[in-house]
Amino acid sequence: MEGITIGLSVYNAEEFIDDCIKSIILQSYKNWELIIIDDGSTDGSLSRVLKYDDARISVFHDGQNKGLATRLNEIAERAKFSFIARMDADDLMMPNRLEVLLSFLKRNKKYDLVSSGMISIDYLNRYKGSRGERVDFYTLDSFVSKKVRFAHAPMLVRTEWLRRNRYNENVMIAQDYELWLRCLVAKDFRAASIPDRLYVYREDQNIKKAKLIKTYQTGIKFASKNIDSYFERLKFFFFSWVKIYLVKITPKVFLYSLLSRRRNR
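Each step along the sequence shown adds one to the number in the working numbering, with nothing skipped, and position 123 is 123.
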C-alpha cells in the first residue's frame, strides 16, 4: 500500500518528543502512519506519546529496554505502507521532508534508499551548522575511506528492502554502519543522498569516546569476517585504527569541536 510509515523508537526523550511529533503532524504529505515504540523509558516519554488522539499514531510498549536495532526491526514488521521513514525522538522534520523523499524514490525506482542533508542544532535549539551532498552511488571503498556518508536518521527506505535486510540485534552501537557494510558486500545497497536540508538533527555535545571507539571496532569486526579482498580488508583496518588512536589522544573538548566542524558547514 502506497504511503509512508514513520518509525520512532523512544527512550527517555520526554524533553523533545512533543516537538518531534508536532513536526510530523505538520508534514505537507498526509498519507502516513506513525509507529511509536517505547523502549522501556523511565521518564515521562510514554505518557506524553499516549496523549495524542490521532488515528494515524500507534503506540506500542512492553516495558522492556531491547535496544534500537530490535525496535527498528519491529517497526519494519508492523509497517502497513510501502515506505518507511526513520526518525529519532529528539529530532525534527522540515515540513516537506516526506513529500520530497517520496517523490525521489518514485521517480528513481533503481534506488531502495534515499537520505538527505541535515541542519544541526544543540539541546538549546541553537543552530550549529548544516551538511548535505549529492551522492548517486555508494561503494565499499567510499565507506571505508569516509569519502561519502549515508545519513541514517533522515532516510526513507522501501519497506521490502528493510524487511530483507534486518538490523543486527546483537550490535548495540553503529547498527546502521554495520547494516550498510553488510549490504554493500551483498551488493544490495542501492542508495542515494540529496543535498536538501530536510531533517533537523540534535547534536550530542556529550561526546563519549568509548562509543566512538566501539563504532570503529564494530566496523573492524565486520570487515574481518566479510571483506574477502586482503587489500581492502587491510585498508579498512588501517583507517579504523588510525581513527581509534586519534579519538584516544584528543581531549574531549577539542574532539567535539573537530567532529562538529567536519560534519557541518
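Note that beta-carbon positions come from the ideal geometry of N, C-alpha and C, so glycine has one too.
Go ahead and pull the three-state DSSP assignment for arginine 131. Strand.
Distance between beta carbons of tyrosine 167 and asparagine 73, contact taken as under 8 Å: Taking C-beta atoms under 8 Å as the contact rule, asparagine 73 and tyrosine 167 qualify, at a distance of about 6 Å.
Can you tell me whether serine 28 is buried or exposed, with buried defined as 16 or more other CB within 10 angstroms of its CB? Burial call: exposed.
Go through its chain and collect everything with a Cβ distance to serine 41's Cβ below 7 Å, but skip five positions before and after it. Only Val10, Tyr11 and Asn12 meet the Cβ criterion.
C-alpha distance - leucine 198 paired with lysine 30, whole-angstrom precision: When rounded, the distance between both Cα atoms is 16 Å.
Nearest to isoleucine 24 (by Cα), restricted to the options Tyr123, Ser224, Val200 and Phe231: For the options Tyr123, Ser224, Val200 and Phe231, the alpha carbon positioned closest to that of isoleucine 24 is the one of Val200.
Could you check whether the region 72-86 touches the region 46-57, counting it as contact only if at least three pairs of C-beta atoms, one from each stretch, sit closer than 8 Å? With the cut-off at 8 Å, the region 72-86 and the region 46-57 do not touch.
Candidates Tyr245, Arg190, Tyr216 and Glu33: closest to serine 58 by CA position: Closest by C-alpha distance to serine 58, out of Tyr245, Arg190, Tyr216 and Glu33, is Glu33.
If you drop the 5 nearest sequence neighbours on each side, which residues of the same chain put their C-beta closer than 6 Å to that of serine 115? Counting only Cβ-Cβ distances below 6 Å, and skipping sequence neighbours, we find Phe150, Ala151, Pro154, Met155 and Ser193.
First and last residue of the uninterrupted beta strand (DSSP E) at arginine 149: No beta strand (DSSP E) contains arginine 149, which DSSP labels as neither H nor E.
Is glycine 219 helix, strand or coil when you go by DSSP? DSSP places glycine 219 in helix when its eight states are reduced to three.
Roughly how far, in whole angstroms, is the beta-carbon of isoleucine 173 from the beta-carbon of lysine 211, given that I think they are within contact range, below 8 Å? Taking 8 Å as the upper bound for CB-CB distance, isoleucine 173 and lysine 211 are in contact here, some 6 Å apart.
Take the Cβ of tryptophan 241 as the centre, count every other Cβ of all protein chains shown within 10 Å, and call the residue buried at 16 or more, exposed below. Flag for tryptophan 241 reads exposed.
Who pairs with glutamate 33 in a beta bridge, going by DSSP? Paired residues: Thr5.
Check this for me: beta carbons of isoleucine 36 and leucine 68, under 8 Å apart or not? No, the Cβ-Cβ distance between isoleucine 36 and leucine 68 is not below 8 Å.
Residues that aspartate 88 bridges to, as DSSP identifies them: In the DSSP output, where bridge partners are listed per residue, aspartate 88 has Ser9.
Mind the definition here: the region 157-165 touches the region 103-117 only if three or more C-beta pairs lie below 8 Å; say whether that holds. Contact holds: three or more Cβ-Cβ distances are below 8 Å.
Take methionine 94 and list the residues in its own chain whose beta-carbon comes closer than 6 Å to its own, dropping the five residues that flank it on each side. The beta carbon of methionine 94 sits closer than 6 Å to those of Leu198, all from its chain and outside the five residues before and after it, given in chain order.
Pick from Leu92, Lys248 and Asp53: whose alpha carbon is nearest that of asparagine 125? For asparagine 125, the nearest C-alpha among the options comes from Leu92.
Am I right that aspartate 196 and glycine 117 are in contact with their C-beta atoms under 8 Å? What's the rounded C-beta distance? That pair is a contact at about 6 Å.
Whose C-alpha, out of Ser142, Glu203, Asn65 and Lys214, is nearest the C-alpha of tryptophan 180? Checked all of Ser142, Glu203, Asn65 and Lys214; the closest Cα to tryptophan 180 is Ser142.
Using the Cα positions of aspartate 122 and phenylalanine 237, report the straight-line distance between them to the nearest angstrom. Spanning the alpha carbons of aspartate 122 and phenylalanine 237 requires a straight line of approximately 33 Å.
What first and last residue would you give for the beta strand (DSSP E) that runs through leucine 198? Segment 191-202, the beta strand (DSSP E) holding leucine 198.
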